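S.K.: If you're matching positions, the sequence shown starts at 18 in our numbering and goes up one per residue.
Backbone N, C-alpha and C define an ideal beta-carbon position, used for all residues, glycine too.
Small disclaimer: the values here were computed from a predicted structure and weren't measured.
Before we start, here is the structure in question, set down as structure tokens.
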Amino acid sequence: MPSPTNPDAKPLLFATQLFVERDGQELVGPRRFELLRQIAEGGSISAAAQAVGISYRSAWGAIDALNNLAGEPIVERSKGGVGGGGATLTAAGRTLLDTYAALQAKQQEFLDWVASGGNDMQHWLGMLSRLSMRMSARNQLAGVVERIDLVGPQASVQLRLANAQSLRALVSRLSLDHLGLDVGAPAIAVFKSSAASAVGPDALVPARANRLEGHLAETEHDAGRVEMTLALPGGLSVFCLQEAVDEAALPLPGTSLIAVFDPSVVLLAASH
């Protein structure tokens, strides 16, 4: 597409990155797509992470995010073994991988068409522009609103997760109106790992607290604290960051635990 004011100018070349989102949260982008592709080819998390240029821990974090946001397992993992643990794509994961590859091809066809002068600049710029929301909070769980209770200026929103467990978020009525949430609407619960505690099944838990039942998948020590990854039914995960305790006092992998967190620490994200 030469410049109309300078016919000798070199034609513009167009490049963009494709992100597949769910309710405003990135499900698959270029890096996660490449991670999935490497896992599909080699079945090794450490090798896939090295090929993509991220750490082993970041690779697992991406996998956990994929499984949580997709609402069903995309990657099945097996800890330990040669190479630091393996993984395979589920049928849903392979479908997602194939779909993303097909979308990439169609996207490139569109960019090539634009570069050849196929449309007005303002038109295609409007089509390509999109905001992508990113959050640093470790816990991002997709679900469907199943109940809303209005209490004065606040609203208690109950979200049903893909694994049939539920959690509640306490938000202002103004926020509820802004999000446009109603029963049956998809939404994502977001909360920091430092806001959640991992306790045993017999622990005393406040009546208003959220409880997500699972088992300990792994622990990670960082700067005097320990992050516990709890595997929930249905391939979901939740992260709890706590002050480090004596190594001998930590529960063993596979131990039944409950992630406990207050509804007031949960943020909600919704599609419009």
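Given a cut-off of 9 Å on the beta-carbon distance, is the pair A68 and E93 in contact?
M.R.: Here residue 68 refers to the residue found at position 51 when the sequence shown is read from its first residue. Here residue 93 refers to the residue found at position 76 when the sequence shown is read from its first residue. No, they are not a contact pair.
S.K.: Using the C-alpha atoms, what's the distance from L114 back to S72?
M.R.: Counting from one through the sequence shown, the residue named residue 72 turns up at place 55. Counting from one through the sequence shown, the residue named residue 114 turns up at place 97. The straight-line gap from Cα to Cα measures roughly 21 Å.
S.K.: In its own chain, which residues sit with a C-beta less than 7 Å from the C-beta of Q157, not counting the 5 before and 5 after it?
M.R.: The sequence position of residue 157 within the sequence shown is 140, counting from 1. Cβ within range, chain order: Q42, A82, N85, L86, I205 and V207.
S.K.: Would you kindly report the start and end of the unbroken beta strand (DSSP E) that includes I205?
M.R.: Along the sequence shown, one-based indexing puts residue 205 at 188. Its beta strand (DSSP E) spans residues P203 to F208.
S.K.: Is it the case that the segment 232-245 contacts the segment 166-185, given that we only count it when at least three CB pairs across the two stretches are under 8 Å?
M.R.: No, they do not touch.
S.K.: Hey, is the segment 191-206 in contact with the segment 245-252, meaning 3+ C-beta pairs nearer than 8 Å?
M.R.: As far as the Cβ criterion goes, the segment 191-206 does not touch the segment 245-252, which means the pair count is below three.
S.K.: Return yes when the Cβ of F256 is within less than 9 Å of the Cβ of R185, no when it is not.
M.R.: By 1-based counting over the sequence shown, the position of residue 185 is 168. By 1-based counting over the sequence shown, the position of residue 256 is 239. Taking 9 Å as the Cβ cut-off, R185 and F256 do not qualify as a contacting pair.
S.K.: Excluding the 5 residues flanking R228 on each side, which residues of the same chain have their C-beta closer than 7 Å to its C-beta?
M.R.: The sequence position of residue 228 within the sequence shown is 211, counting from 1. Here the set comprises V222, I275 and V277.
S.K.: Cα-Cα, which of L106, P90, R74 and R48 is closest to G60?
M.R.: Mapped onto the sequence shown, residue 60 falls at position 43. Taking only the C-alpha atoms, the option nearest G60 is L106.
S.K.: Looking at E235: is its Cβ nearer than 9 Å to the Cβ of P270?
M.R.: Taking the sequence shown and counting its residues from 1, the one referred to as residue 235 is at position 218. Taking the sequence shown and counting its residues from 1, the one referred to as residue 270 is at position 253. Yes. Within cutoff.
S.K.: Give me, in chain order, the residues of the same chain whose beta-carbon lies closer than 6 Å to that of A159; leave out the 5 immediate sequence neighbours on both sides.
M.R.: The residue labelled residue 159 in the question sits at position 142 within the sequence shown. So the list reads L86, G88 and I205, once near-sequence residues are dropped.
S.K.: Alpha carbon to alpha carbon, what distance is there between S173 and R190?
M.R.: Start at 1 with the first residue of the sequence shown, and residue 190 comes out as number 173. Start at 1 with the first residue of the sequence shown, and residue 173 comes out as number 156. Those two C-alpha atoms are separated by around 9 Å.
S.K.: What residues in its chain sit with their C-beta under 6 Å from that of V200, if we drop five residues either side in the sequence?
M.R.: As a first step, residue 200 is located in the sequence shown; it is residue number 183 there, counting from the start. V162, listed in sequence order.
S.K.: Strictly by DSSP, which residues pair up with I165?
M.R.: As a first step, residue 165 is located in the sequence shown; it is residue number 148 there, counting from the start. Its beta-bridge partners are V174.
S.K.: Classify P47: buried if its beta carbon has 16 or more other beta carbons within 10 angstroms, exposed otherwise.
M.R.: The residue given as residue 47 occupies position 30 in the sequence shown. The residue in question, P47, is exposed, as its Cβ has fewer than 16 Cβ neighbours within 10 Å.
S.K.: Let me check understanding here. Comparing Cα to Cα, which of A287, A104, P90 and W77 lies closest to E58?
M.R.: By 1-based counting over the sequence shown, the position of residue 58 is 41. That would be A104, whose Cα lies nearest to the Cα of E58.
S.K.: Do you know offhand how far R49's Cα is from V262's?
M.R.: Within the sequence shown, the letter at position 32 stands for residue 49. Within the sequence shown, the letter at position 245 stands for residue 262. In a straight line, the C-alpha of R49 is about 34 Å away from that of V262.
S.K.: DSSP three-state call for E260: helix, strand or coil?
M.R.: In the sequence shown, residue 260 corresponds to position 243, counting from 1. DSSP places E260 in strand when its eight states are reduced to three.
S.K.: Pull up the CB-CB distance for S75 and A64, whole angstroms please, since I reckon it's below 8 Å.
M.R.: For the purposes of this step, residue 75 is identified with residue 58 of the sequence shown, where counting begins at 1. For the purposes of this step, residue 64 is identified with residue 47 of the sequence shown, where counting begins at 1. Their Cβ separation, rounded to whole angstroms, is 14 Å, which puts S75 and A64 out of contact at 8 Å.
S.K.: Mapping DSSP to helix, strand and coil, what is I91?
M.R.: Start at 1 with the first residue of the sequence shown, and residue 91 comes out as number 74. The answer is coil: DSSP assigns I91 none of H, G, I, E or B.
S.K.: Classify M245 as helix, strand or coil using the three-state DSSP reduction.
M.R.: Sequence index remark: in the sequence shown, residue 245 carries index 228 (1-based). Strand, per DSSP.
S.K.: Taking 8 Å as the cut-off, is the C-beta of I80 nearer than that to any heavy atom in the ligand SAH?
M.R.: No copy of the ligand SAH occurs in the structure displayed, which carries no ligand at all.
S.K.: Could you give the distance in angstroms between the alpha-carbon of E264 and the alpha-carbon of A119?
M.R.: As a position in the sequence shown, residue 264 is number 247, starting the count at 1. As a position in the sequence shown, residue 119 is number 102, starting the count at 1. E264 and A119: Cα-Cα distance of roughly 48 Å.
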